[in-house]
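Novice: Each residue of the sequence shown is one higher than the one before, starting from 1 at the first, in UniProt numbering. All C-beta atoms in this analysis are idealised placements derived from N, C-alpha and C, irrespective of residue type, glycine included.
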Amino acid sequence: MRVALIQLNTGNVVADAVTAAEGYIREAAADGADFISTPETTHLMEMNRKVVLEKASFQDDDPGLKRFRTIAAELKVWLHIGSLITKVAEDRLANRGFLIGPDGEIKTSYDKMHLFDVDLGGGEAYRESALYDGGQSAVVAKTPLADFGLSICYDLRFAYLYRALAKAGANVLLVPAAFTRPTGEAHWHTLLRARAIETGCYVLAAAQTGLHATGRSTYGHSLIIDPWGSVVADAGTDVGVTIADLDLAKCAEARQKIPSLTHDRDVTVTTVDAT
1 MRVALIQLNT
11 GNVVADAVTA
21 AEGYIREAAA
31 DGADFISTPE
41 TTHLMEMNRK
51 VVLEKASFQD
61 DDPGLKRFRT
71 IAAELKVWLH
81 IGSLITKVAE
91 DRLANRGFLI
101 GPDGEIKTSY
111 DKMHLFDVDL
121 GGGEAYRESA
131 LYDGGQSAVV
141 AKTPLADFGL
151 SICYDLRFAY
161 LYRALAKAGA
171 NVLLVPAAFT
181 RPTGEAHWHT
191 LLRARAIETG
201 CYVLAAAQTG
211 LHATGRSTYG
221 HSLIIDPWGS
231 VVADAGTDVG
241 VTIADLDLAK
251 CAEARQKIPS
261 LTHDRDVTVT
271 TVDAT
């Protein structure tokens with residue numbers, strides 16, 4: 001199948017962000033993409049608690065989601081919206097990804113499980129759990145194209161999630177993200193390649209990039225990685241479309257060479273005082 005990753009520099013105006021994403025989605029479809037994936041927080045990048053609650057919508061009322069469903073049906077493509085900031089209560093949000101079929105129907109959704117509560121130093125800190133509810137279950141979506149394992153951004157740091165997705169049948173792992181520049185420079189490529197190698201899956205990671213309206217800076221470098229851990233495509237730091245053709249037979253080849261998914265052991269840890 002031919003896949004496309006959309007790299008965005010999303011701002012804090014939903015309508016503008018949807019228009020920008022739509023243009024790239026149409027470009028990808030015109031280039032023959034069967035499956036198109038967008039980054040985390042596709043249509044809103046906003047840090048202020050009061051403002052984001054004012055701008056976010058409940059899923060059924062979200063104008064951006066409605067537009068993306070219409071586009072998928074028109075273009076007859078599978079469209080993965082990496083995530084939208086979605087209201088789940090008047091004062092609470094979810095970071096929710098959506099898989100939309102070529103008929104425009106939402107086939108499944110996934111709420112980010114691991115919330116980004118970190119202190120990066122230099123005054124840069126994030127407390128996602130102060131406003132967002134974490135998801136309670138992982139999701140594998142079995143489609144005519146591939147079996148997709150869904151995740152979002154900070155989930156990337158939890159290898160057990162991707163092992164569970166692969167064991168549940170996933171052969172393509174989706175990792176839409178808005179990685180900060182410092183953590184991206186240090187860890188992005190390494191972690192994504194590791195997840196591919198550990199599972200024998202393709203990894204598709206659509207990313208946010210550049211300086212955003214709220215002052216946050218994201219790393220970019222949307223990546224397509226094959227099941228042996230090789231980088232097939234790297235979008236760099238510009239907004240736009242990155243396309244590659246996937247051969248899913250490579251998943252079986254990688255897993256035959258290194259069948260580690262079948263070699264798990266229950267581990268008992270013995271702690272020894274060796275002072």
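Just list the residues that DSSP pairs Asn95 with in beta bridges.
Specialist: The partner list for Asn95 (beta bridge, DSSP) reads Ile85.
Novice: Where does Glu40 land, buried or exposed, given buried means 16+ other C-beta within 10 angstroms?
Specialist: Buried, by the Cβ-count rule.
Novice: Specify the secondary structure class of Asp260 as computed by DSSP and reduced to three states.
Specialist: A quick correction: the sequence has Ser, not Asp, at residue 260. Helix, per DSSP.
Novice: Would Asn48 and Ala213 qualify as a contact pair, given that the criterion is a beta-carbon distance under 7 angstroms?
Specialist: Their beta carbons are not under 7 angstroms apart, which means Asn48 does not touch Ala213 by this criterion.
Novice: Name, in chain order, the residues that DSSP records as bridge partners for Val217.
Specialist: Reading off the sequence, residue 217 comes out as Ser, not Val. Ser217 is bridged to Leu211.
Novice: CB His189 to CB Phe158, shorter than 7 angstroms?
Specialist: For His189 and Phe158, no; Cβs fall outside 7 angstroms.
Novice: Look at the alpha carbon of Pro63 and the alpha carbon of Asp245, and state the distance between them as a whole number of angstroms.
Specialist: Their backbone Cα atoms lie some 31 angstroms apart in a straight line.
Novice: Out of curiosity, what's the CA-to-CA distance linking Met45 and Asp117?
Specialist: So the two alpha carbons sit approximately 17 angstroms from each other.
Novice: Could you check how far apart the C-beta atoms of Arg181 and Ser217 are, in whole angstroms? I think they sit under 8 angstroms.
Specialist: Yes, they are in contact, since the Cβ atoms of Arg181 and Ser217 sit about 5 angstroms apart, within 8 angstroms.
Novice: Residue ranges of each alpha helix (DSSP H) run of no fewer than 4 residues wholly in the segment 18-77, ordered along the chain?
Specialist: Here the runs fully enclosed are 49-55, 63-75.
Novice: Would you identify the three-state DSSP class for Gly184, choosing helix, strand or coil?
Specialist: Looking at Gly184 - three-state DSSP - the assignment turns out to be helix.
Novice: With a threshold of 8 angstroms, are at least 3 pairs of Cβ atoms found where one atom belongs to the segment 186-203 and the other to the segment 157-171?
Specialist: Result yes; three or more Cβ-Cβ pairs closer than 8 angstroms.
Novice: Residue range of the beta strand (DSSP E) that Tyr110 falls in?
Specialist: Where Tyr110 is concerned, the enclosing beta strand (DSSP E) stretches over 106-111.
Novice: For Asp34, is the classification buried or exposed, using 16 other Cβ atoms within 10 angstroms of its Cβ as the cut-off for buried?
Specialist: Answer is buried; the Cβ neighbour count reaches 16.
Novice: With Ala206 and Thr38 assumed to form a contact (beta carbons below 8 angstroms), what rounded beta-carbon distance in angstroms separates them?
Specialist: With 8 angstroms as the limit, Ala206 and Thr38 qualify as a contact, their Cβ atoms being about 6 angstroms apart.
Novice: Distance check for Ala28 and residue 282, CA to CA, integer angstroms please.
Specialist: Here the chain has residues from 1 to 275 only, and residue 282 is not among them.
Novice: Return the CA-CA distance between Ala252 and Leu53, expressed in angstroms with no decimal places.
Specialist: Approximately 45 angstroms, taken between the alpha carbons.
Novice: Which word fits Phe58, buried or exposed, when buried means at least 16 other C-beta atoms lie within 10 angstroms of its C-beta?
Specialist: By the neighbour-count rule (16 or more Cβ atoms within 10 Å), Phe58 is not buried but exposed.
Novice: The alpha helix (DSSP H) with Leu192 in it runs from where to where?
Specialist: Leu192 -> alpha helix (DSSP H) spans 189-199.
Novice: Per DSSP, His80 is paired with what?
Specialist: BP columns for His80 point to Ser37, Leu99.
Novice: Does the separation of the CB atoms of Ala73 and Thr108 fall below 7 angstroms?
Specialist: No, these two residues do not count as a Cβ contact at 7 angstroms.
Novice: Going by other Cβ atoms of all chains shown within 10 Å of its Cβ, with 16 needed for buried, is Ile6 buried or exposed?
Specialist: Buried, because 16 or more other Cβ atoms sit within 10 Å of the Cβ of Ile6.
Novice: In the DSSP assignment, the beta strand (DSSP E) including Arg157 goes from what residue to what residue?
Specialist: Element bounds for Arg157: n/a, residue is neither H nor E.
Novice: Could you give the C-beta distance for Glu22 and Arg67, rounded to a whole number, given that I count them as a contact under 8 angstroms?
Specialist: About 7 angstroms separates the two Cβ atoms, so the contact holds.
Novice: Around the Cβ of Ile81, are there at least 16 other Cβ atoms within 10 angstroms (buried) or fewer (exposed)?
Specialist: It is buried - the Cβ of Ile81 has at least 16 other Cβ atoms within 10 Å.
Novice: Could you name the residues of the same chain whose beta carbon sits closer than 8 angstroms to that of Trp78, not counting the 5 residues immediately before and after it, in chain order?
Specialist: Cβ neighbours of Trp78 beyond the five flanking positions: Asp34, Phe35, Ile36, Ala72, Leu99, Ile100, Gly101, Pro102, Thr143, Leu145.
Novice: Can you tell me the Cα-Cα spacing of Ile224 and Asp31, whole angstroms?
Specialist: The alpha-carbon atoms of Ile224 and Asp31 are separated by roughly 17 angstroms.
Novice: Would DSSP call Leu165 helix, strand or coil?
Specialist: Looking at Leu165 - three-state DSSP - the assignment turns out to be helix.
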